[in-house]
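Read the structure below first, then the notes.
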Amino acid sequence: MAFPTVVILVLVCSAPVWPGSPSTQNVPRVCIEDGCMRGSWMRSLHGERYEAFFGVPFAKPPVGALRFANPIPNDPWPEEELDASGRIPKAPCLQQNLFLPERGVEGKEDCLYLNVYRPVRSKKDDGKNATTESLPTIVYIHGGGYLAGYNSPLVAGAEKLMDHPVVLVTITYRLGAFGFLSTGDEASSGNYGLKDQRLALRWVHRNIEAFGGDPQLVTIMGHSAGGASVHLQLMDRGNEGLFQRAISLSGNALAQWSTPSTNPEELARRQAHYVGIKDSQRLNTSELVKAMREVDAELFVSSYKEFTNGSRYPVIVYGPVVEPSTVDDPFLTETPLELWSKGAHLAVPWLTGVVPNDGFVFSAPILKDTDCSKETFIQQKTLLLNVLGGRRQFNALPLLMERFFGNQSTSDDCFQKENINTLTQIFNEALFLYPLTLSIRQHAQHPPPKAPVFLYKFNYKGPYSYSSVFAPDDHKSQDFGIVHCDELIYLLRAPILFPDFRRNTPDAQVTRKFTDFIVQFARTGVAPAGMENDGKSAADFPRALELVNSNSTDEPLKQKYANFYDADMFDFWTRFYSN
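All the letters of the sequence shown, read from the start, carry residue numbers -19 to -1, 1 to 560 under mature numbering (1 follows the signal peptide of the UniProt record, and there is no 0).
Here it is in structure tokens:
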């Protein structure tokens, strides 16, 4: 059976290497039920001091019998005081950085740790007693196509958000086969990465007050596959009370790259074969999982390339699955589309949006093509349709050609570098705009009471771009617009990828405004006035807040409100994905 091939959405970084050996005397300390810990002092982008706690365990190591099993809360740590200074960083979850393949397999199975950052808290004096004000908390879920990604301070640093009164928690979750392998039954029900996220949210609810956070004012925020994860967490009723707002940045659970596999057992059997398990097709599912628990962990990561059928394109092999309702503590018992369409989700204010060229992360591999043989174009067409997913009828490719290429000759010619903008548009519409539009349309049809949905479009062009990560070396200086991940440059510090903005420069001001926008939503659950539906938007669609460049150096970021809905686009992809 053929499996879809999907180019991965991935952030590039390495495992954290945090400098400094803090004195054991004057360092931040926090005590929770699991024990006491010591952290590190750090400085925000504008020089404000804040506290950082790295590598705090929230689950038992998912190894041995806990591989391919639901996460279990960690035991109290045996140390008298946990070293959470970051001096000895924790490894990321097992993966291969697909944009830096020379790094090979990296990470460990024992990877379920989180980082907590909090500003130095101010005291409120009511005339009798000085009290400390509880702060809103943001829990960040990284992207990476369910196959890669990190919560390292080298790509998800807190310095920009710590200029605001907010607590930030960055979490990890199991990736690839370790996070999402499923046999479709009780032997291995799957969704372990999503359950790791859920367990981390339970940890935050239980412990964040000790860090000065308000457990009743928690926002989950994710980017790309992390944004889709946020969307999925909204659909798990078991999360009731764990968070009060949600933010999905360029990621949606209704996207094709997040759609559950229709035959996870067959995928698991293929995986078993690729890691060398004999008779993988004849073992029952319990025997299959038992055998895979004994395989060296790195073999799973190095075997993912086998799923590409010889293609050199990186792929999303694993993702969410539908679990039987009979398994222990299931996460999804229906597809995200079914759950969302009938309003089976938490009534939590949701902020979501995109950047103009999110689709570039999918189209960038075309820039590496130098061969234009007949065989190459056949592979390109197969890749294109597999990435888009959905409709596989004989006329799927003609539909795309007519809409996006018109009278251009593409029936016999390869997609070449000159087609990069058109391919970006195809992927952008199919995998970002359409699922976002569909989710908003369906939300509008849900009966009340329902929480509000707010839309944004990050359309600010600065000096740095993740296109320098996605594009090959000979194209890094080319302007591909505002691409996937570019809004993160103004939200999280990524010193391994980009230099810092100089203080008081226009881009530093944009950082301040964008982080303030996010933190204000986390605090209030309400976006700036004008984003709500004013009756003028099409299809009961809320207006989007668009953040764009201005011509003023004093106010470099301009806000305007725009109608997001594109009826022609929505109708085309609805037809394309119809049965």
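Glycine included, each C-beta is placed from N, C-alpha and C at the ideal position.
Note on geometry: alpha-carbon atoms of G174 and T534 lie some 44 Å from one another.
For V150, the enclosing beta strand (DSSP E) covers residues V148 to I152. Runs of the beta strand (DSSP E) spanning 3 or more residues and lying entirely within the stretch 386 to 440 occur at 434 to 440, in chain order. C-alpha of V97 to C-alpha of P117: approximately 13 Å in a straight line. Taking all protein chains shown into account, E536 has fewer than 16 neighbouring C-beta atoms within 10 Å of its C-beta and is therefore exposed.
Check the Cα spacing between I477 and each of E87, Y131 and L230: the tightest is with Y131. When secondary structure is reduced to three states using DSSP, S229 falls in the strand class. Counting only the Cα atoms, N376 lies some 46 Å from L135.
A contact is defined here as three or more CB-CB pairs under 8 Å, and the stretch 294 to 309 meets this definition with respect to the stretch 239 to 248.
The shortest CA-to-CA distance from P43 to any of E29, W58, Y94 and I13 is the one to Y94. By the Cβ-count criterion, V37 is buried, with 16 or more other Cβ atoms from all chains shown falling within 10 Å of its own Cβ. I69 counts as exposed, since fewer than 16 other C-beta atoms from the protein chains shown sit within 10 angstroms of its C-beta. Segment contact: the stretch 537 to 545 against the stretch 486 to 496, three or more CB-CB distances shorter than 8 Å; contact assigned.
With respect to the C-alpha of G370, the residue from R10, L526 and W238 having the closest C-alpha is W238. Per DSSP, the continuous beta strand (DSSP E) segment holding T200 begins and ends at G194 to H204. If the five residues before and after P330 are omitted, its C-beta is found closer than 6 Å to the C-beta atoms of R226, A432, P433 and G506, all from its own chain and listed in chain order.
Within the same chain, V434 come within 6 Å of H424 by CB-CB distance, once the 5 residues on both sides are set aside.
Under the three-state reduction of DSSP output, D339 falls in the coil class, being neither helix nor strand. With contacts defined as CB atoms closer than 9 Å, Q77 and A129 qualify as a contacting pair.
The three-state secondary structure of Q459, taken from DSSP, is coil.
For K541, the beta-bridge partners assigned by DSSP are E527. A contact between stretches requires three or more CB pairs, one per stretch, nearer than 8 Å, and the stretch 305 to 314 meets this requirement with the stretch 159 to 171. Counting the other CB atoms within 10 Å of its CB gives G222 a total below 16, which places it among the exposed residues. Between G340 and L412, the gap from beta carbon to beta carbon is short of 9 Å.
Excluding residues up to 5 positions away in sequence, L(-11), G124, S231 and G232 lie with their Cβ nearer than 6 Å to the Cβ of S205 in the same chain. Per DSSP, S306 has no beta-bridge partner at all. In the DSSP annotation of this structure, the continuous segment of the alpha helix (DSSP H) that includes Y173 starts and ends at Y173 to N188.
Shortest Cα-Cα distance from V529 to any of N544, K438, A181 and F451 involves K438.
Taking 9 Å as the cut-off, the beta carbon of A72 is found no closer than this to the beta carbon of G20. Approximately 11 Å separates the beta-carbon atoms of L473 and G207; this is outside 8 Å, ruling out the contact. In chain order, P100, M143 and D144 place their CB closer than 7 Å to the CB of E29, counting only its own chain and leaving out the 5 sequence neighbours on each side.
With respect to the 9 Å criterion, A253 and L264 are classified as neighbours on the basis of their beta carbons. For R19, the beta-bridge partners assigned by DSSP are R10 and D64. Shown here, G36 sits in a strand according to DSSP, grouped into three states. Across the structure, S344 and N51 are spaced so that their CA atoms are roughly 35 Å apart. Assigned with DSSP and collapsed to three states, E87 falls in strand.
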